[in-house]
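Numbering (mature numbering (1 follows the signal peptide of the UniProt record, and there is no 0)), first residue to last: -25 to -1, 1 to 293.
Note sheet for the following structure.
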């Protein structure tokens, strides 16, 4: 009987040793937690390395994103000197230690590609020291009318609801596009402008709800990181929109699209655009409404189109 117990204990001890040894030797992955694991101030740009060795923006796989032991995450702070720092899982992977001294600035690149009705594609993103350009979204813009026609971005369904809380700054202009037109003043002074056009007693434009706000085409909350959200705060990505609509029906549309992407747990291409020009009646006749003299038209319609590539009608493309 004693011999039986000795064999049993020895077997149990070997099993326990194997379990403990395996637990100690198994490589541990590192976790990126959203949004709390990302610094709110001085947030850098997070990059991963593709199979061909190029860099691309980190695409979170949910509230928690795992980085395998031994794999690296690249961190980039635009500035002088422009360097990319690598942190490796298993060594020092505390993201809170890595912040930028200044807010990451985005750039706008005009392409030669034509689009829409008299528009050109503009890429909004961040230039990297490698010479690559990280495009966050694209806008088809008409320089003659100073209005966007539509924008294109990809919504990461796995990260919906986990975006970093970004403190919105002022909208920025693109001098090479707007020239001498002070787009910021056009928004600030539009009520007094329309009082001259429609009469001092006009009721088309008034606060607190029926004034024109800066309506995003690619909305900031569709993006996960603060650096990406910051990129949406440019006039190239806005069109005049009634505040009542901005915080009402249009917000419901944006939320519905985000909920759909979250349900599908996939990348969803989103196209957002404007159509037509708002017409209102003055004392004599109806007329098109512009923020400026023949520029920055107030759209009659805002529209949004989304599609799920995996549910496309041609099954042979999957």
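Where is the CB? At the ideal position from N, CA and C, for every residue including glycine.
Between the beta-carbon of residue 187 and that of residue 165 there is about 5 Å, and that keeps the pair under the 8 Å contact cut. Going by DSSP, residue 242 is part of the beta strand (DSSP E) stretching over 242 to 252. If you draw a 10 Å sphere on the C-beta of residue 221, you find 16 or more other C-beta atoms in it, and that means buried. Residue pairing for residue 30: DSSP places it in a beta bridge opposite 24.
Annotation: the continuous alpha helix (DSSP H) that includes residue 150 extends over 150 to 153. From the listed residues 20, 94, 197, the smallest Cα separation to residue 77 is found for 20.
Shown here, residue 147 sits in a strand according to DSSP, grouped into three states.
Sequence-distant Cβ neighbours of residue 103 in its own chain, meaning closer than 7 Å and more than five residues away, are 30, 51, 109.
Residue 81 sits away from residue 98, with the two beta carbons spaced by 8 Å or more.
In the structure shown, residue 120 adopts coil according to DSSP, grouped into three states. Following the DSSP letters along the chain, one finds residue 201 in no beta strand (DSSP E) but inside the alpha helix (DSSP H) bounded by residues 201 to 206.
Within a 10 Å sphere around the beta-carbon of residue 247 sit 16 or more other beta-carbons, which makes this residue buried. In this structure residue 225 is buried. Its beta-carbon is surrounded by 16 or more other beta-carbon atoms within 10 angstroms. In the DSSP annotation of this structure, the continuous segment of the beta strand (DSSP E) that includes residue 281 starts and ends at 274 to 281. When beta bridges are read from the DSSP output, residue 126 appears opposite 114, 247.
For a cut-off of 8 Å, the C-beta gap from residue 207 to residue 194 is around 7 Å, short enough to register as a contact.
The shortest CA-to-CA distance from residue 107 to any of 199, 84, 261, 223 is the one to 84.
Leaving aside the five residues that flank residue 71 on each side, the residues in its chain whose CB is nearer than 8 Å to its CB run, in chain order, 12, 14. About 5 Å separates the beta carbon of residue 123 from that of residue 114, a gap short enough to meet the 8 Å contact definition.
For residue 233, the enclosing alpha helix (DSSP H) begins and ends at 224 to 239. For residue 158, the enclosing alpha helix (DSSP H) begins and ends at 158 to 163.
In this structure, residue 158 sits near residue 271, with a CB-CB distance shorter than 8 Å.
Secondary structure at residue 172: helix, using DSSP grouped into helix, strand and coil. Scanning its chain for C-beta atoms nearer than 6 Å, with the 5 sequence neighbours on each side dropped, one finds no residue around residue 162.
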